[in-house]
Every structure is written in structure tokens, then in C-alpha cells.
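Its first residue numbered 4, the sequence shown is counted upward by one per residue in my numbering.
We put the CB at the ideal spot given by N, CA and C, even for glycine.
None of the values given here were measured: they were computed from a predicted structure.
One structure is given here, and the rest of the page talks about it.
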Amino acid sequence: MRKKFVAGNWKMHGNLAHNQELLEAVLKNTANMRQSEIAVCVPFPYLSAVQDLLRNTHVKWGAQTVSEHDKGAYTGEVSTEMLSDFGCKYVIVGHSERRVIYGESSQTVALKYLAAQRAGLIPILCIGETLEQREAQITEQVVGEQLNAIVETAGAESLMKSVVAYEPVWAIGTGKTATPQQAQEVHEFIRKSIADYNKKIASEITIIYGGSVKANNADELFAMKDIDGGLIGGASLIAEDFVAICEAAQN
Ligand code: PEP
């Protein structure tokens, strides 16, 4: 039985006062929700304050990207070791905003994934198609290639220590959610693709959905057989909404 997982992706939002208020409300209102894992992926400058707030609580934390290099002359970059210094458990890799805005290729994403695992962090690997790709009916091909890049670089066994987030690009921050059936179809495809490498990993790996998950659609999405929770952007910034989504993951 897979445990559900809900992770907030704050993106480039927040400030010290808002973060504290948000996390205190989340801690208080999810205290009894032990059926699922809850995490927040926060901007780098807030990791220290978030660590202070969440240490020894049921809510875990992480970052939104990381360098593929261990150390060196990479101005502006942050290494996996630095994330570990601040108690991160997770790091998002391959978010579509990184792929599209910052030109991260699947190969770069695979190197970041590998670096994260080398440091004992759990990568939350984002994969998903654009609207054009969906309309061209190549969703499975795109998602399959993104997954393959990981397998080729890090090996299929590495998936055991990762979370996959299916995030259709057309649904991120747009208010357009994939229907539960649309999301389930792709999740099933991802799980079957992983089963081609290793059946045990396929049955155990956590595959979450991201793309305009809100308090009013989380229940339906999380009820689908292959959807193990969600990666939540906008709604993770509002305590009441994030808590309601965490609640949906209890069932
Ligand atoms: C995301 O940032 O990964 C995301 C899914 O955002 P939103 O929930 O706002 O669509």
C-alpha cells in the first residue's frame, strides 16, 4: 500500500513573516494527518528559517532545484550538500518552469537527479507534456523520453528512491486541471513504463499529480488508482487550501 504524498511548491513566493504564519497554520491543522507525508519546497533563502520551524515535526521540507555539480566555480548555484546542511529531505528536479524558462534539458535534469540521490536527497522528478504535444497526441512519447533520460543516466533501480510528479505543462498555474481520467491515464502509463524495468519499483513508487490542484478537485484526483498525491503550486501558499488538499490525501 503506497502512502500518499502532498508537496507544496512555493516557487518564488513568500517572505519570513508569511512563511511563518503559513507553516504554523499547516502544522496545527495537519497534526492528525499521519496517513500521508507532507512537505514544502521553498526558496533557498528561507531554508534555514523553515528548518527551524519544521524540525522534529511531521512536515518535511526541500528545495525547488539544485546544481548538478558537487562544488566549484558555479556562481549563483546551490549544491546538494548545502541543501543537506539545512535538513532538506526532498528537491524538485525538472520542473517545467526550469525546463522551459531556464532551458534545462532532460540530460541536465538527469544529472541533477543523480546529484540529489548521491547526497541522500529524494528527487521529485517532474515530467509532463505541453499543450501542443498533447494535441499532437504524443504525451506518452514525451513523458516516456523524459523518464528514459533518468533511467539511462541513473539506472532504473534509482527510481526506488525518488518521487515522480506528472505535471502537464498546460495545467500548471493556468487553473486548467487535467481531469482525473486524463491524469490517471498518464500515471498508469508511467507506472507501466517503470514496470518494464522493474515490477516491484513500479508498484511501490510514489507518482503524484501536479497542475492546478485545488481544495475542490484534490479528492477526485487522489481517488484515482495510480495517483499517489499531488505537487501543489498556487494552493500551497494559502494555509486553508493546502490543509484541505492534505486532508484529501488522508482517504
Ligand atoms: C507546480 O508548481 O508544480 C504546480 C503544479 O503549480 P499549480 O498548482 O499552481 O498549477
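Under a three-way DSSP split, which group does residue i fall into?
i	result
residue 42	strand
residue 13	coil
residue 26	helix
residue 147	helix
residue 183	helix
residue 124	coil
residue 96	strand
residue 62	strand
residue 6	coil
residue 213	strand
residue 103	helix
residue 237	helix
residue 169	strand
To the nearest angstrom, how far is the alpha carbon of residue i from that of residue j?
i	j	result
residue 60	residue 30	8 Å
residue 121	residue 147	24 Å
residue 145	residue 115	19 Å
residue 252	residue 88	30 Å
residue 35	residue 62	12 Å
residue 131	residue 220	19 Å
residue 247	residue 227	18 Å
residue 17	residue 240	8 Å
residue 8	residue 186	16 Å
residue 58	residue 233	23 Å
residue 150	residue 245	28 Å
residue 230	residue 80	33 Å
Considering only the alpha carbon of each residue, which of the options lies closest to residue i?
i	options	result
residue 157	71, 143 and 184	71
residue 171	151, 239 and 212	212
residue 64	247, 124 and 138	124
residue 242	23, 4 and 15	23
residue 84	118, 152, 99 and 110	118
residue 129	48, 4 and 67	67
residue 126	113, 204 and 13	113
residue 200	155, 217, 184 and 222	155
residue 208	184, 110 and 197	197
*Check whether the segment 175 to 182 touches the segment 101 to 114, counting contact only when three or more Cβ pairs, one atom from each stretch, lie closer than 8 Å.*
Contact between the segment 175 to 182 and the segment 101 to 114 is absent: fewer than three C-beta pairs spanning the two stretches fall below 8 Å.
*Taking contact to mean at least 3 C-beta pairs separated by less than 8 Å, is the segment 40 to 54 in contact with the segment 73 to 80?*
As far as the Cβ criterion goes, the segment 40 to 54 does not touch the segment 73 to 80, which means the pair count is below three.
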